[in-house]
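Contents: one structure, followed by commentary.
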Amino acid sequence: LFFPIEEGDNPHKELILSLPKETRWQPYVLRLYEGFWWWEGIIPGIIGIQQRFKARPNDVFIISFPKSGTTWLKALTFSTMNRHKYSFTNHPLLRLSPHDCIRFLELIYCQGEESYAESLTSPRLLCCHTPYSCLPDSMTTSECRIVYICRDPKDVLVSAWYMDKNYIPDAPLSFNQAFEVFCDGRSGAGPIWDHVLQYWNESLRRPDKILFLNYEEMISEPHQNLRKLAEFIRCPFSEEEEKTGVIEQIIELCSFNKLKELDVNKKGEGFSNIENELFFRKGVVGDWKNNMTLEMAERLDEITREKLHGSGLTF
Ligand code: A3P
């Protein structure tokens with residue numbers, strides 16, 4: 030899915046091969062589709078969503094720029110929404126990866142599994158990395174809810190680079206090269222600033238439909254953020270639940286250390302044969318300090334400040 034589509038017989042092949050191309054984030058080929066850079070093989074999935082996906086009013090979507098904490102937000106949302114269905118001692122998250130519990134729409138559509146999305150009972154929980162401007166009308170105009178998570182671009186870059194380095198160990202991409210491409214906004218799903226800003230602006234315009242979360246704040250204030258999330262997806266915690274520690278149980282179940290140590294996340298393999306363990310690397314704020322020079326950090330921060338200027342959003 031993440032690799033070139035030249036050999037296959039994809040119906041959108043001609044269109045995709047005519048799009049502007051970026052090959053510096055090796056070994057991938059990225060194409061510019063509607064203002065964002067995508068792994069070639071994923072674009073048919075986005076087109077599929079645009080042309081055929083119909084959101085239902087009570088759907089909940091988890092949306093993010095890749096490597097911003099999607100896996101964590103999937104686990105938290107899944108366990109919050111289904112807390113009356115499963116006990117914490119025999120929970121699906123103890124056996125399944127968060128990516129098995131909530132699947133990516135782009136991949137569902139790439140793999141011709143649209144009937145899977147249709148067959149889910151409401152309220153559906155789905156996920157994507159698609160930018161706001163590329164979503165189908167049904168997702169932007171219906172009563173459905175979108176939960177978006179963002180993260181400091183410096184940590185996003187570091188996380189993305191390690192992910193690819195570990196996924197394809199012989200990938201020749203150096204961190205310095207990745208840094209340049211990321212600063213140019215040409216990493217997968219980039220530019221990150223446009224992605225984040227679109228959802229930020231829309232969350233200000235329609236706060237009842239889009240909840241904008243931040244990885245760093247979720248790390249420092251997990252309880253407050255989980256309460257916010259539960260209210261937003263229309264299943265707030267009751268006083269009784271507050272008293273009996275349900276919030277703490279969900280936070281514990283979804284914590285980095287808990288998930289990372291589970292067999293399924295240590296040994297299992299998920300979509301596109303990506304080992305589940307690659308989604309659980311360090312799970313901290315500020316790992317950029319161990320991977321880039323202060324000059325690099327200042328340069329990336331400056332770009333971020335410039336791009337977000339006037340929006341009210343800062344990192
Ligand atoms: P690092 O590579 O910095 O460790 P995504 O899920 O969007 O791909 O993002 C992956 C990042 O989220 C990785 O960051 C990963 O370690 C971190 N992560 C995964 N599960 C987490 C959890 N339960 N709590 C906090 N961070 C988590």
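Under the UniProt record's numbering, the first residue of the sequence shown carries the number 30, and numbering increases by one thereafter. Quick reminder that beta carbons are idealized off the backbone N, C-alpha and C, glycines included.
Cross-strand partners of E290 (DSSP beta bridge): None, per the DSSP bridge assignment.
Closer than 7 Å: residues whose CB approaches a heavy atom of the ligand A3P: S93, P95, K96, S97, G98, T99, T100, W101, A104, D184, V187, S188, Y191, M192, I248, C283, S284, F285, L288, F308, F309, R310, K311, G312, V313 and D316
Coil, strand or helix - S148 by DSSP: helix
As assigned by DSSP and simplified to three states, the class of K96: coil
First through last residue of the alpha helix (DSSP H) which encompasses C212: Where C212 is concerned, the enclosing alpha helix (DSSP H) stretches over F204 to C212.
Exposure of H224, with buried meaning 16 or more beta-carbon neighbours within 10 Å: buried
Straight-line Cα distance separating V293 from V314: 25 Å
Secondary structure of I248, DSSP reduced to three states: helix
Of the residues G341, R310 and C156, the one placed nearest A189, counting alpha carbons only: R310
Backbone secondary structure at Y177 - three-state DSSP: strand
C-alpha distance - I76 paired with D213, whole-angstrom precision: 24 Å
8 Å contact criterion, which W66 and E51 should meet: CB distance rounded: Under the criterion of beta carbons closer than 8 Å, W66 and E51 qualify as touching, at roughly 6 Å.
First and last residue of the uninterrupted alpha helix (DSSP H) at R124: Per DSSP, R124 belongs to no alpha helix (DSSP H) and is neither H nor E.
Buried or exposed (CB count within 10 angstroms, at least 16 for buried), Y145: exposed
Beta-bridge pairing of N243 - partner residues as DSSP gives them: Bridge partners of N243: C179.
R234, enclosing alpha helix (DSSP H) - first and last residue: I221 to R234
6 Å Cβ shell around Q79 - same chain, five flanking residues per side excluded: Spatial neighbours of Q79 in its own chain (CB-CB distance under 6 Å, excluding positions within 5 residues in sequence) are listed in chain order as P165.
Member of Q55, N320, E142 and S284 whose CA lies at the smallest distance from the CA of D184: Each of Q55, N320, E142 and S284 was checked against the Cα of D184, and the nearest Cα belongs to N320.
Nearest candidate by alpha-carbon position, reference residue 359, set E142, K318, T322 and K289: There is no way to answer for residue 359, as the model of the chain reaches only from 30 to 344.
Straight-line Cα distance separating M247 from Y228: 18 Å
Nearest candidate by alpha-carbon position, reference T118, set I279, I262 and P251: I279
Contained alpha helix (DSSP H) runs [length at least 4] in the stretch 34–115, N- to C-terminal order: 42–46, 72–81 and 99–110
Start-to-end residues for the beta strand (DSSP E) that takes in C157: L154 to C157
Minimum C-alpha distance to N302 - residue among G341, N195 and E245: N195
Closest by C-alpha distance to F266, when choosing among L154, N111 and F82: N111
Three CB pairs or more closer than 8 Å across the stretch 143–160 and the stretch 84–100: Between the stretch 143–160 and the stretch 84–100, the count of C-beta pairs closer than 8 Å reaches three or more; the two stretches touch.
Helix, strand or coil at E270 according to DSSP, with G and I counted as helix: helix
Among K296, L186 and K287, nearest to F94 - alpha-carbon criterion: L186
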